[in-house]
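These notes are about the structure you will find just below.
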Amino acid sequence: MALNLNRLVEPIYIESIIVHGFGRGSKELGVPTANFQQNIAESVRLDSGIYYGFSQLIYSKDQNLPKQTKSSGSIVFETNPENPIYPTVFSLGWNPHFDDIEHRSLEAHIIKQFGYDFYGSTIRVAICGFIRNEQKFESLQALIETIHSDINFAKKALNNADHSPEWKTIVESPFFHIKKNSI
181 MALNLNRLVE PIYIESIIVH GFGRGSKELG VPTANFQQNI AESVRLDSGI YYGFSQLIYS
241 KDQNLPKQTK SSGSIVFETN PENPIYPTVF SLGWNPHFDD IEHRSLEAHI IKQFGYDFYG
301 STIRVAICGF IRNEQKFESL QALIETIHSD INFAKKALNN ADHSPEWKTI VESPFFHIKK
361 NSI
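Reminder that position 148 of the sequence shown reads as 328 in my numbering, one-by-one numbering, no gaps.
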């Protein structure tokens, strides 16, 4: 059965500094997220919902973080080995399950295990497709299960990005290519 990718007509390219959020992604949900600056989140011209696409981390010169390398269990696109591009799930909106935010937010769950935080780093993303609408869940466990389903959907949708002409155009775009792993 073919996967319905719900692709956007054109990807939405966004760059932001990673800021602190509520801390729920890692602590309560077991799914860490990179939070975008509020003004960036509010300017995104998409309906609230869960999306998939690609992301890239760019560390500032004063950050002492390990260099990114390809690791097993993660899909990393080799078109830019200095600044890997990762499959990502995005949450854009009001987080209705928690019902406690005053401003629209944008969070990215990069589908890769990181052993450190990257607050203050720059994140570049291409939002490529829609997964589902935001919703309030009956339980925290139901939310967690749905998030894992979203991650699996994104993995399947983006699995052949190195070879798929549609995805290759995005991951090889000038937006994701810089000269070195610092700005």
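For every residue, glycine included, the Cβ atom is placed at its ideal position computed from N, Cα and C. Given the structure is predicted, the values throughout are model-derived calculations rather than measurements.
Beta-bridge pairing of residue i - partner residues as DSSP gives them
| i | result |
| --- | --- |
| Val211 | For Val211, which the question treats as bridged, DSSP gives no partner whatsoever. |
| Leu237 | Ile303 |
| Thr268 | Gly233 and Ile290 |
| Ser285 | Gly273 |
| Tyr193 | Ala306 |
| Arg312 | Ile230 |
| Arg187 | Gly309 |
| Val199 | Asn215 |
When the options are compared against residue i, the one with the closest alpha-carbon
| i | options | result |
| --- | --- | --- |
| Phe310 | Leu338, Gln321 and Glu318 | Leu338 |
| Pro189 | Trp347, Lys348 and Cys308 | According to the sequence shown, residue 189 is Val rather than Pro. Residue Cys308 is the option with its Cα nearest to Val189. |
| Phe298 | Tyr193, Arg284, Val199 and Glu325 | Val199 |
| Ala221 | Arg187, Ile303 and Phe294 | Ile303 |
| Gln217 | Phe317, Thr349 and Ile194 | Ile194 |
| Phe294 | Val351, Val305 and Ala214 | Ala214 |
| Asn186 | Phe333, Arg225 and Leu272 | Phe333 |
Buried/exposed call for residue i, threshold 16 Cβ in 10 Å
| i | result |
| --- | --- |
| Gly196 | At residue 196 the sequence reads Ser, which differs from the Gly that was named. Ser196 comes out buried. |
| Ser320 | Strictly speaking, residue 320 in this sequence is Leu, with Ser absent from that position. Per the 10 Å Cβ criterion, exposed. |
| Gln236 | buried |
| Val183 | Here residue 183 turns out to be Leu, not Val, going by the sequence shown. The residue in question, Leu183, is exposed, as its Cβ has fewer than 16 Cβ neighbours within 10 Å. |
| Ala322 | exposed |
| His289 | buried |
| Ser251 | Because Ser251 carries a pLDDT of 42, less than 50, the predicted location of this residue cannot be relied on, and the following value inherits that uncertainty. Classification of Ser251: exposed, given that the 10 Å Cβ count is below 16. |
| Asn219 | exposed |
C-beta contact flag for residue i and residue j at 9 Å
| i | j | result |
| --- | --- | --- |
| Pro212 | Gly233 | no |
| Ile331 | Leu209 | no |
| Ile265 | Val351 | yes |
| Asn275 | Phe356 | no |
| Ser228 | Glu314 | yes |
| Ala306 | Ser353 | yes |
Cβ distance (whole Å) where residue i is taken to contact residue j below 8 Å
| i | j | result |
| --- | --- | --- |
| Phe270 | Glu287 | 7 Å |
| Ile230 | Arg312 | 5 Å |
| Lys335 | Ile291 | 6 Å |
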